[in-house]
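>
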Amino acid sequence: GNSVTQMEGPVTLSEEAFLTINCTYTATGYPSLFWYVQYPGEGLQLLLKATKADDKGSNKGFEATYRKETTSFHLEKGSVQVSDSAVYFCALTRRSGNTGKLIFGQGTTLQVKP
Amino acid sequence: KAGVTQTPRYLIKTRGQQVTLSCSPISGHRSVSWYQQTPGQGLQFLFEYFSETQRNKGNFPGRFSGRQFSNSRSEMNVSTLELGDSALYLCASSLTSGTGEQYFGPGTRLTVT
């Protein structure tokens, strides 16, 4: 079946450090891939997306590249800020079947210290 | 533009009772999806509605049901509540069906005692 696996958290970094959160997926066909972020006490917000192989999604300094050969969509940011502290979810939707069903990874908590 | 709103934000119910949660999508959005978030199971898809029709359903028992109205507002109902139904229920809207680009509400925190 379709699934998403993220690296275990929590991830604790100092401000201005480089961030990588690993995400790999299993899916039939060619899914669309997403990163969502959840700040404390809030719902999820779409951070970035990629819909086909080699696409790079980017937003607010975050980037992720759709790698079909390694079935990965790792999230990166060059210099994190305290305000980036949140839970990050990698997710996919299947292209076929016209479904909006998001399949999420388990989430990775990021804590950035000043 | 107003975001997705969910009511109520917090709810405490007793085992065996039923509950109805409400979701108002972003104006112009015609698709509404519901998700359950728990520490143990993470985020799980419940159902997706588009133009008052259920387009997709997750792997939940029949106690979980939903509907969508002509103005795209949606409700979900859980009957015969169990302790394990305690969770954050998130509603998300999108312009059309079949997209993972969804806009989430703040959620309804349901506690079953």
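Heads up: the protein sequence lines correspond to chains A and B, in order.
When we follow this note's numbering, the leftmost residue of the first sequence carries the number 889, and every step to the right adds one.
When we follow this note's numbering, the leftmost residue of the second sequence carries the number 4, and every step to the right adds one.
By construction, the Cβ of each residue, glycine as well, lies at the ideal position given by its N, Cα and C atoms.
#1: What did DSSP end up calling B:Leu-84 once you bin it into helix, strand or coil?
#2: For the region 60-76 of chain B, which residues have a CB atom closer than 8 Å to at least one CB atom of chain A, in sequence order?
#3: At a CB-CB cut-off below 7 Å, which residues of chain A make contact with B:Thr-102?
#4: Taking the beta carbon of B:Leu-86 as the centre, do at least 16 other beta carbons fall within 10 Å, making it buried, or is it exposed?
#5: Using three-state DSSP, classify B:Ser-115 as helix, strand or coil.
#6: Taking B:Pro-109 as the query, report the chain A residues whose CB atoms sit under 8 Å from its CB, ordered along the chain.
#7: Got a sec? Which residues, its chain only, sit under 7 Å from A:Phe-992 by beta carbon, not counting five neighbours each side?
#8: Per DSSP, what kind of secondary structure is A:Val-899 in: helix, strand or coil?
#9: For B:Ser-77, which of helix, strand or coil comes out of DSSP?
#10: Out of curiosity, what's the CA-to-CA distance linking B:Val-81 and A:Tyr-927?
#11: Counting contacts by CB-CB distance shorter than 7 Å, is B:Ser-36 in contact with chain A?
#12: Measuring CB atoms only, is the region 934-947 of chain A touching the region 94-113 of chain B, in the sense that at least three cross pairs come out at less than 8 Å?
#13: Between A:Thr-912 and A:Thr-953, is the Cβ-Cβ spacing less than 7 Å?
#14: Does any CB atom of chain A fall closer than 7 Å to the CB of B:Leu-24?
#15: Could you check whether the Cβ of B:Leu-98 sits closer than 7 Å to any Cβ belonging to chain A?
#16: Kindly identify the DSSP beta-bridge partner or partners of A:Phe-992.
#17: Per the DSSP calculation, B:Phe-72 is bridged to which residue(s)?
#18: Pick helix, strand or coil for A:Val-968, following the three-state DSSP scheme.
#19: When burial is assigned at 16 or more other CB atoms within 10 Å of the CB, is B:Glu-55 buried or exposed?
#20: Against chain A, does B:Glu-85 count as a neighbour if the rule is that its beta carbon must be under 7 Å from one of theirs?
#21: Compute the distance between the beta-carbons of A:Leu-907 and A:Lys-965, then report whether it is under 7 Å.
#22: Count the C-beta pairs between the region 70-78 of chain B and the region 30-49 of chain B that are closer than 8 Å, then say yes if the count reaches three, no if not.
Judging by the given coordinates:
#1: DSSP places B:Leu-84 in coil when its eight states are reduced to three.
#2: Here the close residues are Gly-61.
#3: Those are Gly-988, listed as they occur along chain A.
#4: Around the Cβ of B:Leu-86, a 10 Å sphere holds fewer than 16 other Cβ atoms; the residue is exposed.
#5: Sequence check: residue 115 of chain B is Val here, not Ser. It is a strand residue.
#6: Simply Gly-929, Glu-930 and Gly-931.
#7: Only Val-892, Phe-977 and Ala-979 meet the Cβ criterion.
#8: Three-state DSSP puts A:Val-899 in a strand.
#9: Here B:Ser-77 sits in strand by DSSP.
#10: In a straight line, the C-alpha of B:Val-81 is about 27 Å away from that of A:Tyr-927.
#11: B:Ser-36 counts as touching chain A.
#12: Contact holds: three or more Cβ-Cβ distances are below 8 Å.
#13: Against a cut-off of 7 Å, the Cβ pair of A:Thr-953 and A:Thr-912 comes out as no contact.
#14: Contacts with chain A at 7 Å (Cβ-Cβ) do not include B:Leu-24.
#15: B:Leu-98 does not count as touching chain A.
#16: In the DSSP output, where bridge partners are listed per residue, A:Phe-992 has A:Ala-979.
#17: Answer by DSSP bridge pairing: none, since B:Phe-72 is not bridged.
#18: In the structure shown, A:Val-968 sits in coil (DSSP, three-state: anything other than H, G, I, E or B).
#19: Taking a 10 Å sphere around the C-beta of B:Glu-55, we find fewer than 16 other C-beta atoms and assign the residue as exposed.
#20: So, not an interface residue.
#21: Cβ atoms of A:Leu-907 and A:Lys-965: closer than 7 Å.
#22: Touching, yes, given that three or more Cβ pairs across the two stretches are closer than 8 Å.
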